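*Asks:* In my numbering, the protein residues as written are 658 to 945.
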Amino acid sequence: MSMNSLENLSNEFFSEIFDYINGCDIYRAFSNLNYRFEQLLNSSHILFKIKINYSTDDEKTMNELQQVWMDATDSNMNISLPMASNHELTSIEHLIIDHPCCFNQLNNILSYVPQVSYLKFFSVNDNEIDMKNISSMRLSYLTYFYIEAYHMEFDTFEMLIKNLNIKLKYFSLKIYTDDMNYLHAFRWENLLLKHLPNLEEFYLKSITTFENNHQPSIYQGKINEFFSSFWCQRQWILEINIDSNEIIYYIHSHKKRWYEFNIEEKNNSTIEQLEKCKQLILSCIHQE
Numbered sequence: 658m659s660m661n662s663l664e665n666l667s668n669e670f671f672s673e674i675f676d677y678i679n680g681c682d683i684y685r686a687f688s689n690l691n692y693r694f695e696q697l698l699n700s701s702h703i704l705f706k707i708k709i710n711y712s713t714d715d716e717k718t719m720n721e722l723q724q725v726w727m728d729a730t731d732s733n734m735n736i737s738l739p740m741a742s743n744h745e746l747t748s749i750e751h752l753i754i755d756h757p758c759c760f761n762q763l764n765n766i767l768s769y770v771p772q773v774s775y776l777k778f779f780s781v782n783d784n785e786i787d788m789k790n791i792s793s794m795r796l797s798y799l800t801y802f803y804i805e806a807y808h809m810e811f812d813t814f815e816m817l818i819k820n821l822n823i824k825l826k827y828f829s830l831k832i833y834t835d836d837m838n839y840l841h842a843f844r845w846e847n848l849l850l851k852h853l854p855n856l857e858e859f860y861l862k863s864i865t866t867f868e869n870n871h872q873p874s875i876y877q878g879k880i881n882e883f884f885s886s887f888w889c890q891r892q893w894i895l896e897i898n899i900d901s902n903e904i905i906y907y908i909h910s911h912k913k914r915w916y917e918f919n920i921e922e923k924n925n926s927t928i929e930q931l932e933k934c935k936q937l938i939l940s941c942i943h944q945e
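1) Tell me which residue opens and which closes the alpha helix (DSSP H) that THR813 is part of.
2) Rounded to whole angstroms, what's the CA-CA distance from TYR692 to LEU698? Just pull it up for me.
3) Under three-state DSSP, which class holds TYR906?
4) Given this structure, state the Cα-to-Cα distance separating LEU895 from HIS911, to the nearest angstrom.
5) Counting pairs of Cβ atoms below 8 Å between the segment 859-870 and the segment 816-824, do you hit three or more?
6) By the 10 Å Cβ neighbour count, where 16 or more other Cβ atoms means buried, how is ALA686 classified, buried or exposed?
7) Could you tell me the alpha carbon to alpha carbon distance between ILE904 and GLU810, rounded to whole angstroms?
8) Using alpha carbons as the reference points, say which of PHE883, GLN772, LEU856 and HIS756 lies closest to LEU746.
9) Helix, strand or coil: how does DSSP classify TYR946 here?
10) Under the criterion of a Cβ to heavy atom distance below 6 Å, does ILE823 qualify as lining the ligand HEM?
11) Distance, Cα to Cα, TYR807 vs TYR839?
12) Quick check on the DSSP output: the beta strand (DSSP E) that includes SER863 runs from which residue to which?
13) How big is the Cα-Cα spacing for LEU850 and ILE899?
14) Three-state secondary structure (DSSP) at TYR839?
15) Which stretch, first to last residue, makes up the alpha helix (DSSP H) that contains ASN790?
16) State the Cα-Cα distance for the pair LEU690 and TYR827, rounded to the nearest angstrom.
17) Please determine, among ILE786, HIS909, MET837 and ASP812, the residue with the shortest C-alpha to C-alpha distance to LYS876.
18) Report all residues from its chain with a CB closer than 8 Å to the CB of PHE778; omit the five preceding and five following residues, and keep chain order.
19) Rounded C-beta distance between MET788 and SER768? I'm assuming under 8 Å.
20) If you draw a straight line from the alpha carbon of ASN668 to that of PHE694, how long is it in whole angstroms?
21) My understanding is that TYR833 touches HIS909, with C-beta atoms under 8 Å, so please give their C-beta distance in whole angstroms.
22) For ILE897, count neighbouring Cβ atoms within 10 angstroms of its own Cβ and tell me buried if that reaches 16, exposed if not.
23) Among PHE670, PHE887 and VAL781, which has the Cα closest to the Cα of THR813?
24) Please determine, among SER829, LEU830, MET816 and ASP835, the residue with the shortest C-alpha to C-alpha distance to ASN847.
25) With a Cβ-Cβ cutoff of 7 Å, do LEU799 and SER774 count as a contact?
Below, the structure is given as C-alpha cells:
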C-alpha cells in the first residue's frame, strides 16, 4: 500500500472535508503552511462555514445585517481575503476592525462592504502603503472614519488622505508617534480644506511616550498657529497634557462649559480673574 503526502490530495477532496469544519479552525490549521494551501484558502471556489452564536429570533435578520465588529482573539493568525465578486457584496454599513490590519489589506475587505458609512480601523507600523491600491477604494457612502495607528509618519498619512476619495463628516485619528508634523497647523488646514471640505467634526489624539530612557520629540511650534480663522471658525483647539510617562496632544472641538461656584468672600479682583479664565480644573481636597 503506497503512502501519499497530504499535499498530493486534490482540491476537491479538501473542499469536501472543509464542509464539516468551522472556517476559523480551517485557517488556524492550514494558514501560512505553504503556497499551495494559501492559494486554496483564498480561492473564491471554496466557501467556509463560520459558526455565529445568535438566537432563533435573530436568524431572520441576518440577511439585513448592517454592522459587523471584527475582533481577533489570536493576534498571530494572518487571514487574507481576495477581492469580492459581485455576488459576494453585503449590505453592511458599520464596520469595526478591532485588530491590526494594514491599509494594503483594507481594500480587499472593503470590497465586500460597498455601502459602509461607518469605519473604525486599527493599523500598526504602516508606512509602506500602495497608493494606487488606496486610490482604487470605493467609499462613496463613508461619512464616519476612525483610525488608530502606531508609528505612521505624517507624510504617509497625508498622502493617504489625498489618495482616498471620501466625503467625511466626522474624522478621528489616534496616533502613537514622535512625529511632530502631526501638530503642523498649516499642513492640517490645507489638507482638510482641499481633501475633506465637508468635515464637521475633527478629533486628533497624538501620544508621545517616554520609553527606555528615550527622550521624545517636543512640540516646538507656536500655540497661536491654531488661532487662525480656519481653527477659530470651527472652534477646534490644541490642548497639551503632560503625564509622568507620556505627552498627549489633542485637537478637538471647544465646547462652552458653565460652572456654578460659591465664594465666601467676594471681591472684584477675584471675579475679574474668573472672567478671564480659559480653563478650569477642579481637584477634590479632603478636609480633616
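We treat Cβ as the ideally placed atom computed from N, Cα and C, and that holds for glycine.
Everything numeric in this text was worked out from a predicted model, so none of it was measured.
*Replies:* Considering the structure as presented:
1) 811-820
2) 10 Å
3) strand
4) 9 Å
5) no
6) Its Cβ having fewer than 16 others within 10 Å, ALA686 is exposed.
7) 17 Å
8) Among PHE883, GLN772, LEU856 and HIS756, the Cα nearest to that of LEU746 belongs to GLN772.
9) Lying outside 658 to 945, the shown extent of the chain, residue 946 is not represented and no answer is given.
10) Only the bare structure without any ligand can be found here, which leaves the ligand HEM out of the picture.
11) 13 Å
12) Taken as a continuous stretch (DSSP letters only), the beta strand (DSSP E) holding SER863 covers 858-866.
13) About 30 Å.
14) Helix.
15) 788-792
16) C-alpha separation (whole angstroms): 41 Å.
17) It is Tyr, not Lys, that sits at residue 876 in the sequence shown. When the alpha-carbon of TYR876 is set against those of ILE786, HIS909, MET837 and ASP812, the nearest one is in MET837.
18) ILE754, CYS758, LEU763, PHE802, TYR803, ILE804 and GLU805
19) Not really, about 17 Å apart at Cβ, beyond 8 Å.
20) Using only the alpha carbons, I get a separation of about 9 Å.
21) Wrong, their Cβ atoms sit about 18 Å apart, outside the cutoff.
22) Its Cβ having fewer than 16 others within 10 Å, ILE897 is exposed.
23) VAL781
24) MET816
25) yes
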